[in-house]
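Engineer:
Residue numbers (this note's numbering): 2 to 333.
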């Protein structure tokens, strides 16, 4: 690096020319002056030469450390450099390196999450698609009775509806994960929210003889009506799926100066203790889950509530399972 350094050679040539000119002028004045100027110029040249050599050796060492950093991730030995521009440069490079490493780790984490999510989605879709394919094959049989054909057609319609719901739920989760959803902030009454969330479940509730009561419907909170209704609807659907016929679901809301809390309590068997820590994990199926369960509804509900700055938790009561949604007031 030093031997082939053109900048150092140019500096030495320029300094030599200046020293030569000064020495000639000194000898023209007198021999003593010429000798003194020559000695001074030689001293300056030697100091300059060794100073530059020391500086370029440090630069060479710095370059080698950079190569180690790029190839092996070895940290820069910042303490080896004295205070000055080189030390500041080493510190800045160290900061940039840490920032790039954090971003690389985040990207790798996102890639891993995406790969796992795609694998889970593929697994979740494979089961209903396989069943539909088998059902279609049975429908193509020529000697199939009309009764059997009608039953298979109903089963196929049910599978299509379930698959449609699954795809929509996965798309919603993907949008939420990508921060592609803009939640609106409006003043919503719990009564309005409950009516919108329960509307798709009115027929299943009636068929199974499950009663739904609402208390504290005059309470309000700030949030997105459509998305929050989606979350509450998933909680209600979970209660309906795990509850025996003739049960009851009670929605209760309370509002104070700090937050609005909405609880959904059912008269079902409750949540198994081993399932509670994983209840909101994506694609998790707890004890007693039906074959129709995808393990995604509660995860979607929690994601929606968290995106709006709220909290969602589950616990057991003496009556059955209870889900608690809490929306905090904005602090001005």
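A virtual CB, placed ideally from N, CA and C, is assigned to each residue, including glycine.
Being a predicted model, the structure only gives us computed values, none of them experimental.
Buried or exposed: where does residue 231 fall if 16 or more other Cβ atoms within 10 Å of its Cβ makes it buried?
Structural biologist: Counted from its first residue, the chain shown places residue 231 at position 230. Buried, because 16 or more other Cβ atoms sit within 10 Å of the Cβ of residue 231.
Engineer: Does the distance between the C-beta of residue 41 and the nearest non-hydrogen atom of the ligand GDP fall short of 8 angstroms?
Structural biologist: The model depicted lacks the ligand GDP and carries no ligand whatsoever.
Engineer: Could you give the residue range of the alpha helix (DSSP H) that holds residue 243?
Structural biologist: Start at 1 with the first residue of the chain shown, and residue 243 comes out as number 242. First-last of the alpha helix (DSSP H) with residue 243: 226-243.
Engineer: Could you compute how far the alpha carbon of residue 122 sits from the alpha carbon of residue 285?
Structural biologist: Here residue 122 refers to the residue found at position 121 when the chain shown is read from its first residue. Here residue 285 refers to the residue found at position 284 when the chain shown is read from its first residue. So the two alpha carbons sit approximately 13 angstroms from each other.
Engineer: Out of curiosity, what's the CA-to-CA distance linking residue 313 and residue 137?
Structural biologist: Reading the chain shown from its first residue, position 312 is the one you call residue 313. Reading the chain shown from its first residue, position 136 is the one you call residue 137. Spanning the two alpha carbons is a distance of roughly 41 angstroms.
Engineer: Kindly indicate which three-state DSSP category residue 329 falls into: helix, strand or coil?
Structural biologist: Within the chain shown, residue 329 is the residue found at index 328, counting from 1. Here residue 329 sits in strand by DSSP.
Engineer: How big is the Cα-Cα spacing for residue 1 and residue 158?
Structural biologist: Only positions 2 to 333 of the chain appear in the structure, and residue 1 is not among them; the question remains open.
Engineer: Return the first residue and the last residue of the alpha helix (DSSP H) that residue 191 is part of.
Structural biologist: Counted from its first residue, the chain shown places residue 191 at position 190. Counting along the chain, the alpha helix (DSSP H) containing residue 191 begins and ends at 191-199.
Engineer: Determine, using beta-carbon pairs with one atom in the region 197-211 and one in the region 151-169, whether at least three such pairs fall under 8 angstroms.
Structural biologist: Flag = no, the region 197-211 and the region 151-169 do not touch.
Engineer: Straight-line CA distance for residue 276 to residue 190?
Structural biologist: Against the chain shown, residue 276 aligns to sequence position 275. Against the chain shown, residue 190 aligns to sequence position 189. Between residue 276 and residue 190, the C-alpha separation is close to 32 angstroms.
Engineer: I need the straight-line Cα distance from residue 223 to residue 250, nearest angstrom please.
Structural biologist: Within the chain shown, the letter at position 222 stands for residue 223. Within the chain shown, the letter at position 249 stands for residue 250. Distance between the alpha carbons of residue 223 and residue 250: 24 angstroms.
Engineer: How is the beta strand (DSSP E) around residue 261 delimited, first residue to last?
Structural biologist: The residue you call residue 261 lines up with position 260 of the chain shown. 260-267 is the span of the beta strand (DSSP E), which, as asked, contains residue 261.
Engineer: Mind the definition here: the region 261-269 touches the region 317-329 only if three or more C-beta pairs lie below 8 angstroms; say whether that holds.
Structural biologist: In short, these stretches touch, since the Cβ pair count reaches three.
Engineer: In whole angstroms, what separates the C-alpha of residue 233 from that of residue 174?
Structural biologist: Position 232 of the chain shown holds residue 233. Position 173 of the chain shown holds residue 174. Spanning the two alpha carbons is a distance of roughly 15 angstroms.
Engineer: Please work out which residues of its chain come closer than 7 angstroms, Cβ to Cβ, to residue 302, disregarding the five sequence neighbours upstream and downstream, and give them in chain order.
Structural biologist: Sequence index remark: in the chain shown, residue 302 carries index 301 (1-based). Taken in chain order, the residues that qualify are 232, 235, 236, 313.
Engineer: Check each candidate in 171, 185, 186 and name the one with the smallest Cα separation from residue 179.
Structural biologist: Here residue 179 corresponds to residue number 178 of the chain shown, with the count starting at 1. Answer by Cα proximity: 171.
Engineer: Assuming residue 315 and residue 256 form a contact by the criterion Cβ under 8 angstroms, report the distance between their Cβ atoms to the nearest whole angstrom.
Structural biologist: Residue mapping note: residue 315 aligns to position 314 of the chain shown, counting from 1. Residue mapping note: residue 256 aligns to position 255 of the chain shown, counting from 1. In fact, because the Cβ distance is near 21 angstroms, the residues do not count as touching under 8 angstroms.
Engineer: Under a Cβ-count criterion, where at least 16 other Cβ atoms within 10 Å of its own Cβ denotes burial, should residue 254 be classed as buried or exposed?
Structural biologist: Translated into positions along the chain shown, residue 254 becomes position 253. Classification of residue 254: buried, given that the 10 Å Cβ count is 16 or more.
Engineer: I need the DSSP call for residue 313, collapsed to helix, strand or coil.
Structural biologist: The sequence position of residue 313 within the chain shown is 312, counting from 1. The answer is strand: DSSP assigns residue 313 an E or B state.
Engineer: In angstroms with no decimal places, state the Cα-to-Cα distance between residue 186 and residue 63.
Structural biologist: For the purposes of this step, residue 186 is taken as the residue at position 185 of the chain shown. For the purposes of this step, residue 63 is taken as the residue at position 62 of the chain shown. The alpha-carbon atoms of residue 186 and residue 63 are separated by roughly 54 angstroms.
Engineer: Give me the Cβ distance between residue 217 and residue 195, rounded to the nearest whole Å; I'm assuming they're in contact under 8 angstroms.
Structural biologist: For the purposes of this step, residue 217 is taken as the residue at position 216 of the chain shown. For the purposes of this step, residue 195 is taken as the residue at position 194 of the chain shown. Rounded, the Cβ-Cβ distance is 10 angstroms, inconsistent with contact.
Engineer: CB residue 38 to CB residue 27, shorter than 9 angstroms?
Structural biologist: By one-based count along the chain shown, residue 38 stands at place 37. By one-based count along the chain shown, residue 27 stands at place 26. In contact: residue 38 and residue 27 (Cβ atoms closer than 9 angstroms).
Engineer: Thinking C-alpha only, which one of 241, 17, 300, 113 is nearest residue 47?
Structural biologist: Against the chain shown, residue 47 aligns to sequence position 46. Taking only the C-alpha atoms, the option nearest residue 47 is 17.
Engineer: Report the option in 295, 329, 130, 245 whose CA atom is closest to the CA atom of residue 211.
Structural biologist: In the chain shown, counting from the first residue as 1, residue 211 sits at position 210. The option with the nearest alpha carbon to residue 211 is 245.
Engineer: Please report the distance separating the alpha-carbon of residue 30 from that of residue 36.
Structural biologist: Counted from its first residue, the chain shown places residue 30 at position 29. Counted from its first residue, the chain shown places residue 36 at position 35. So the alpha carbons of these two residues sit roughly 11 angstroms apart.
Engineer: Buried or exposed: where does residue 261 fall if 16 or more other Cβ atoms within 10 Å of its Cβ makes it buried?
Structural biologist: Within the chain shown, residue 261 is the residue found at index 260, counting from 1. Buried is the call here.
Engineer: Looking only at its chain, what residues have a beta carbon closer than 6 angstroms to the beta carbon of residue 300, apart from the 5 residues adjacent to it on each side?
Structural biologist: Translated into the one-based positions of the chain shown, residue 300 becomes position 299. Here the set comprises 281, 283.
Engineer: Could you give the distance in angstroms between the alpha-carbon of residue 176 and the alpha-carbon of residue 309?
Structural biologist: The count along the chain shown starts at 1 and reaches residue 176 at position 175. The count along the chain shown starts at 1 and reaches residue 309 at position 308. Going by the C-alpha atoms only, they are around 14 angstroms apart.
Engineer: Which word fits residue 55, buried or exposed, when buried means at least 16 other C-beta atoms lie within 10 angstroms of its C-beta?
Structural biologist: As a first step, residue 55 must be located in the chain shown, where it is residue number 54. Its Cβ having fewer than 16 others within 10 Å, residue 55 is exposed.
Engineer: Can the beta-carbon of residue 273 be found closer than 9 angstroms to that of residue 330?
Structural biologist: The count along the chain shown starts at 1 and reaches residue 273 at position 272. The count along the chain shown starts at 1 and reaches residue 330 at position 329. Not closer than 9 angstroms, so no.
Engineer: What would DSSP say about residue 7, mapped onto helix, strand or coil?
Structural biologist: Locating residue 7 in the chain shown gives position 6, where the first residue counts as 1. Correct three-state label for residue 7: helix.
Engineer: Please list, in chain order, all residues of the same chain as residue 184 whose beta carbon is under 8 angstroms from its beta carbon, the five residues on each side excluded.
Structural biologist: The residue you call residue 184 lines up with position 183 of the chain shown. Excluding positions up to five away in sequence, the list reads 224, 225, 228, 308, 309.
Engineer: Is the Cβ-Cβ distance between residue 298 and residue 239 less than 9 angstroms?
Structural biologist: Looking up residue 298 in the chain shown gives position 297. Looking up residue 239 in the chain shown gives position 238. Yes, they are a contact pair.
Engineer: Within the continuous beta strand (DSSP E) that includes residue 213, where are the two ends?
Structural biologist: Indexing the chain shown from 1 puts residue 213 at position 212. Its beta strand (DSSP E) spans residues 212-216.
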